[in-house]
Amino acid sequence: MYRQLTNLVRISLFSVLLFSSPSATLWSQEKQFSQQPLEFLIRGTVVDESGQPVAGATIQSLAFRKEDRRQTESLRNGAFVLRIPAEGYVGQTLLVTDATNTRAGYVSQYSYTVDDRAPFQIVIRPWNTTTVNVVDLQNQPVPGATVYLIADHQELNKAETDEAGSASMRFPADAKVDWILAYRSSAGFDYYENYNAWPSQDRLDVPSRLKLNLAGAVSAVIEVLDSDDNPVPNVMVVPWTIATENKRSDVNMSGLGMGYTDEKGHATFDWLPRNLKGRITFLVHDEKYHCAINPVYALNTEETTTRTARVKRVATVRGTIRHTDGSPAAGIRLQGEGRGATNMYFRGYTRTDAEGRYQIDIYPEQETILAVTDDRYAAESATEIELKPGEELNDVDFTLGFGTLIHGRLTVGKDRKPQAGQTATLVQKAGEKSNLVRWNETTETGEYRFRVGPGTYTLRLADANLTQLTVINEDEIVHNGHIDRLPRGLISGLVQDDQGQPLASAELRGESIAAPGHAGFKTRTQADGTFSSERWHDRMLLYAFDPVRKQAGYKVITPDDTQATIKCAPAGSLTGTVVDSDGKPLAKRQVVLQMSLSDVGGATFIERIETDGQGNYSVPAVAVGMRGEIYAPLLLGRGQVIEFKVEQAAMQELPPIIDQ
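Under the numbering used here, the residue at position 584 of the sequence shown is numbered 696, and the numbers go up by one with no gaps.
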């Protein structure tokens with residue numbers, strides 16, 4: 113059931129009986145509710161590089177689901193109006209091309225929300241082009257390989273290599289390209305990373321030519337079954353992330369529509385990389401089903417591995433949103449968020465139709481909040497909604513008021529300068545497990561605002577301390593925030609060897625000290641030994657190592673440091689073996705190394721390596737003074753853990769890890 117203090121009286125015995133009777137579920141009838149999502153208008157102008165309007169340009173949205181895509185053309189003065197579905201919080205990526213298809217423009221889905229009213233000005237420029245050459249282990253061309261170009265985690269272009277293993281990829285000049293990937297059945301997978309450090313918002317200029325190497329393939333079948341163990345056909349299945357050796361990070365493929373289940377409920381991926389680093393989690397995308405526990409593939413020696421994804425029917429909540437005079441409230445955005453016994457929590461959005469009615473599908477068996485998230489109106493949230501698979505709950509109604517305006521200003525630094533572009537986060541807590549998160553970005557004057565109904569909230573401005581707020585029926589609550597420095601910034605510097613010479617292609621890691629939740633970064637030095645990366649403005653431990661020259665070094669930096677020089681010295685090394693309970697070596701087993709410095713607590717570095725054909729692993733460069741543990745993780749645990757400490761620049765053989 114659910115809880116909403118002002119609306120509990122409306123959930124009468126009659127409505128419960130109505131819900132329980134399939135024949136009386138009026139909301140399920142098409143004449144009672146149109147499931148077509150409400151649309152909103154995007155207005156703007158298309159201009160060329162000189163600022164002149166462009167007539168006849170095609171403006172198209174690139175929605176994840178092809179049926180949600182829309183397009184229009186610009187008028188003689190370059191103006192356009194485009195209607196797109198208003199289901200989510202952010203908008204849809206816009207791709208603009210002129211009538212000759214020689215110039216293009218781009219608007220990221222993350223650069224605006226569906227509540228933005230300001231018109232766009234989209235500048236079109238000549239297309240950028242890169243040629244991708246795909247080769248195999250013998251450096252021979254791979255024809256028929258699928259190539260994706262991903263920008264802002266979304267497919268922007270897709271092509272297939274020709275007989276020479278080549279594919280030409282076009283993309284708008286202002287698109288922030290994340291990755292370009294290629295794969296082919298039985299040949300493997302590879303990807304290009306368009307950044308120097310990870311994580312980072314900075315993107316490089318894509319080279320005019322790229323080479324991707326397919327180093328052999330392994331195969332996995334994802335079997336999708338429902339609650340009764342019946343196969344579920346025509347369900348989209350995609351790998352979430354894939355990482356291969358010698359990459360800075362993994363490639364996120366969650367925004368690609370790559371594979372669908374057949375009549376047996378099977379989706380086959382016969383191109384997974386043989387040089388896989390870590391594991392692959394698979395996502396199931398479907399409007400009717402929810403997968404609470406995602407199937408995970410770990411590299412093994414089997415020809416084909418089958419993993420099962422068990423899905424459950426989503427649940428449905430319906431209701432009406434009205435103004436205080438009882439009139440229907442059209443176009444009101446409703447956000448839902450649920451938490452349960454899974455990391456795959458629910459977050460979804462919907463809008464009311466012309467008669468004020470809404471419908472939202474939620475994940476079953478998760479405690480869910482529904483909240484009006486509108487800039488003009490607010491209502492008390494419906495909380496503690498928890499439904500069974502396929503269950504329907506009707507008459508969850510809301511009455512709008514003006515609510516309470518939570519607002520204020522964020523300033524930074526000694527001069528208390530208003531700061532634009534920083535995130536204000538407001539979290540509503542209700543029930544034992546659920547919470548609902550809203551975001552707001554500060555304006556040019558550093559201001560933020562949320563309009564909410566009664567409830568208990570937690571507010572954070574950028575990286576300032578959390579503030580607890582209890583909203584009853586106040587007209588407004590003003591809360592200003594101040595931080596000494598921005599949460600993130602750049603760190604750059606130089607890595608040197610023990611002779612003071614620059615170390616090219618050295619690996620560099622950064623981890624915050626005693627700052628849980630602040631992800632570290634990975635990068636590699638340039639030819640002159642220099643590096644640059646985004647980082648949290650924390651006290652941080654930088655760790656550099658060169659596995660070829662077998663040198664390593666480290667340095668502690670302060671939150672205010674912008675430059676650092678790391679001097680390396682001869683390093684120790686670790687070797688070992690992973691065996692089964694009979695002492696037989698286990699090939700292609702992932703080994704996780706966790707290490708920290710004895711004299712610098714609160715920062716841990718994690719590296720993942722893999723055993724060779726004889727079950728051996730090696731860590732060629734570990735700084736003297738490092739200590740930690742190494743293990744071969746099991747599906748549901750860490751397994752046996754071997755502790756180590758590097759006390760000198762020498763090889764250290766560790767006891768075998770017994771995989772039981």
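We put the beta carbon where it would ideally sit given N, CA and C, even for glycine. Owing to the predicted nature of the structure, the values given are computational and were not obtained by experimental measurement.
Query raised in the report: Nearest to residue 295 by alpha carbon, out of 341, 210, 317, 382?
Result: Taking the sequence shown and counting its residues from 1, the one referred to as residue 295 is at position 183. Looking at the Cα atoms, 382 is the closest of the given residues.
Query raised in the report: Measuring CA to CA, which of 496, 206, 642, 560 is closest to residue 235?
Result: Locating residue 235 in the sequence shown gives position 123, counting from the first residue. Of the candidates 496, 206, 642, 560, the one whose C-alpha sits nearest the C-alpha of residue 235 is 206.
Query raised in the report: Can you tell me the Cα-Cα spacing of residue 731 and residue 317, whole angstroms?
Result: The residue given as residue 731 occupies position 619 in the sequence shown. The residue given as residue 317 occupies position 205 in the sequence shown. Answer to the nearest angstrom: the Cα atoms are 33 Å apart.
Query - Cβ-Cβ distance between residue 403 and residue 379 below 8 Å - result: Taking the first residue of the sequence shown as 1, we reach residue 403 at position 291. Taking the first residue of the sequence shown as 1, we reach residue 379 at position 267. Not a contact, by the Cβ cut-off of 8 Å.
Query - CA-to-CA distance, residue 749 to residue 506, given in whole angstroms - result: What you label residue 506 is simply residue 394 of the sequence shown in a count that begins at 1. What you label residue 749 is simply residue 637 of the sequence shown in a count that begins at 1. Cα-Cα distance, rounded: 42 Å.
Report task. Leaving out five residues on either side along the sequence, give the residues of the same chain with a beta carbon under 6 Å from the beta carbon of residue 134. Result -> Walking along the sequence shown from the start, residue 134 turns up at place 22. Residue placement at residue 134 is poorly supported in this model, since its pLDDT is 30, which falls under 50; the coordinates still yield a value, given next. None.
Query raised in the report: In three-state terms, what does DSSP make of residue 767?
Result: Locating residue 767 in the sequence shown gives position 655, where the first residue counts as 1. The answer is coil: DSSP assigns residue 767 none of H, G, I, E or B.
Query raised in the report: Going by the beta-carbon positions, is the gap between residue 398 and residue 347 smaller than 8 Å?
Result: Taking the sequence shown and counting its residues from 1, one reaches residue 398 at position 286. Taking the sequence shown and counting its residues from 1, one reaches residue 347 at position 235. Result yes, Cβ atoms of residue 398 and residue 347 sit closer than 8 Å.
Query - Whole-angstrom C-beta distance between residue 624 and residue 652, which should lie under 8 Å - result: In the sequence shown, the residue the question calls residue 652 occupies position 540. In the sequence shown, the residue the question calls residue 624 occupies position 512. Going by Cβ atoms, the distance from residue 652 to residue 624 rounds to 5 Å, so yes, they are a contact pair.
Query raised in the report: Which ranges does the beta strand (DSSP E) cover as unbroken runs of at least 3 residues, wholly within the stretch 571-630, from first to last along the chain?
Result: 579-583, 588-590, 593-595, 600-608, 619-624
Query raised in the report: To the nearest angstrom, how far is it from the Cα of residue 761 to the Cα of residue 659?
Result: In the sequence shown, counting from the first residue as 1, residue 761 sits at position 649. In the sequence shown, counting from the first residue as 1, residue 659 sits at position 547. Residue 761 and residue 659: Cα-Cα distance of roughly 13 Å.
Report task. Would you list, in sequence order, the uninterrupted alpha helix (DSSP H) runs of no fewer than 4 residues that lie entirely inside the stretch 207-268? Result -> none
Query raised in the report: Between 326, 275, 285, 232, which lies nearest to residue 250 when the distance is taken from Cα to Cα?
Result: On the sequence shown, position 138 is the one that residue 250 refers to. For residue 250, the nearest C-alpha among the options comes from 326.
Query raised in the report: beta strand (DSSP E) containing residue 737: first to last residue?
Result: The sequence position of residue 737 within the sequence shown is 625, counting from 1. Unbroken run through residue 737: none, as it is neither H nor E.
Query raised in the report: Between the stretch 699-717 and the stretch 637-649, do at least 3 Cβ pairs fall closer than 8 Å?
Result: no
Query raised in the report: DSSP state of residue 694, grouped into three classes?
Result: Within the sequence shown, residue 694 is the residue found at index 582, counting from 1. Residue state, collapsed to three classes: coil.
Query raised in the report: Across which residues does DSSP place residue 688 in a beta bridge pair?
Result: Residue 688 sits at position 576 when you count from the first residue of the sequence shown. BP columns for residue 688 point to 729.
Query raised in the report: When every heavy atom of the ligand ATP is checked, does at least one fall within less than 7 Å of the C-beta of residue 508?
Result: In terms of ligand content, the structure shown is empty, and the ligand ATP therefore cannot be addressed.
Query raised in the report: Which same chain residues, not among the five before or five after residue 770, have their C-beta less than 7 Å away from its C-beta?
Result: The residue you call residue 770 lines up with position 658 of the sequence shown. Counting only Cβ-Cβ distances below 7 Å, and skipping sequence neighbours, we find 691, 693, 752.
Query raised in the report: Is the stretch 548-559 close to the stretch 577-588, with three or more CB pairs under 8 Å?
Result: Flag = no, the stretch 548-559 and the stretch 577-588 do not touch.
Query raised in the report: For the beta strand (DSSP E) that residue 451 lies in, which residues bound it at each end?
Result: Taking the first residue of the sequence shown as 1, we reach residue 451 at position 339. It spans 445-452 - the beta strand (DSSP E) in which residue 451 sits, taken as one unbroken run.
Query raised in the report: Assuming residue 444 and residue 473 make a contact with CB atoms under 8 Å, what is their CB distance in whole Å?
Result: For this step, residue 444 is matched to residue 332 along the sequence shown. For this step, residue 473 is matched to residue 361 along the sequence shown. Going by Cβ atoms, the distance from residue 444 to residue 473 rounds to 18 Å, so no, they are not a contact pair.
Query raised in the report: Where do the N-terminal and C-terminal ends of the beta strand (DSSP E) with residue 432 fall, by residue?
Result: By one-based count along the sequence shown, residue 432 stands at place 320. Start and end: 427-434.
Report task. For residue 514, count neighbouring Cβ atoms within 10 angstroms of its own Cβ and tell me buried if that reaches 16, exposed if not. Result -> On the sequence shown, residue 514 is found 402 positions in, with the first residue counted as 1. Residue 514 is exposed by the Cβ-count criterion.
Requested in this report: Just tell me which of 350, 406, 622 has its CA closest to the CA of residue 384.
Outcome: The residue labelled residue 384 in the question sits at position 272 within the sequence shown. If we check each option's Cα against that of residue 384, 350 comes out closest.
Query raised in the report: In whole angstroms, what is the alpha-carbon distance linking residue 539 and residue 582?
Result: As a first step, residue 539 is located in the sequence shown; it is residue number 427 there, counting from the start. As a first step, residue 582 is located in the sequence shown; it is residue number 470 there, counting from the start. Between residue 539 and residue 582, the C-alpha separation is close to 12 Å.
**Report entry** C-alpha distance - residue 428 paired with residue 181, whole-angstrom precision
**Finding:** The residue labelled residue 428 in the question sits at position 316 within the sequence shown. The residue labelled residue 181 in the question sits at position 69 within the sequence shown. Approximately 25 Å between the Cα atoms of the pair.
Query raised in the report: Under a Cβ-count criterion, where at least 16 other Cβ atoms within 10 Å of its own Cβ denotes burial, should residue 656 be classed as buried or exposed?
Result: Taking the sequence shown and counting its residues from 1, the one referred to as residue 656 is at position 544. The residue is buried, with at least 16 neighbouring Cβ atoms inside 10 Å.
Requested in this report: Can you say whether residue 596 is buried or exposed, counting buried as having 16 or more other CB atoms within 10 angstroms of its CB?
Outcome: The residue labelled residue 596 in the question sits at position 484 within the sequence shown. Exposed.
Requested in this report: Count the other C-beta atoms from every protein chain shown that fall within 10 angstroms of the C-beta of residue 551, then say buried if there are 16 or more, exposed otherwise.
Outcome: As a working mapping, residue 551 is identified with position 439 in the sequence shown. So residue 551 counts as exposed.
Requested in this report: Note down, one range per segment and in chain order, each beta strand (DSSP E) of at least 3 residues found wholly within the stretch 371-411.
Outcome: 378-385, 391-397, 401-403, 408-410
Query raised in the report: Buried or exposed: where does residue 416 fall if 16 or more other Cβ atoms within 10 Å of its Cβ makes it buried?
Result: Translated into the one-based positions of the sequence shown, residue 416 becomes position 304. So residue 416 ends up on the exposed side.
Query raised in the report: Among residues of its own chain, excluding the 5 on either side of residue 278, which ones have a beta-carbon nearer than 8 Å to its beta-carbon?
Result: Locating residue 278 in the sequence shown gives position 166, counting from the first residue. Here the set comprises 243, 244, 245, 246, 253.
Query raised in the report: Quick one: what does DSSP say residue 498 is sitting in, helix, strand or coil?
Result: Sequence index remark: in the sequence shown, residue 498 carries index 386 (1-based). Reduced to three states, the DSSP call for residue 498 is coil.
**Report entry** Straight-line gap, residue 213 to residue 183 (C-alpha atoms, nearest Å)
**Finding:** On the sequence shown, residue 213 is found 101 positions in, with the first residue counted as 1. On the sequence shown, residue 183 is found 71 positions in, with the first residue counted as 1. Each residue's alpha carbon lies about 15 Å from the other.
Requested in this report: For residue 628, count neighbouring C-beta atoms within 10 Å of its own C-beta (all shown protein chains included) and say buried if the count is 16 or more, exposed if not.
Outcome: Stepping through the sequence shown from its first residue, residue 628 is reached at position 516. When all chains shown are included, residue 628 counts as exposed.
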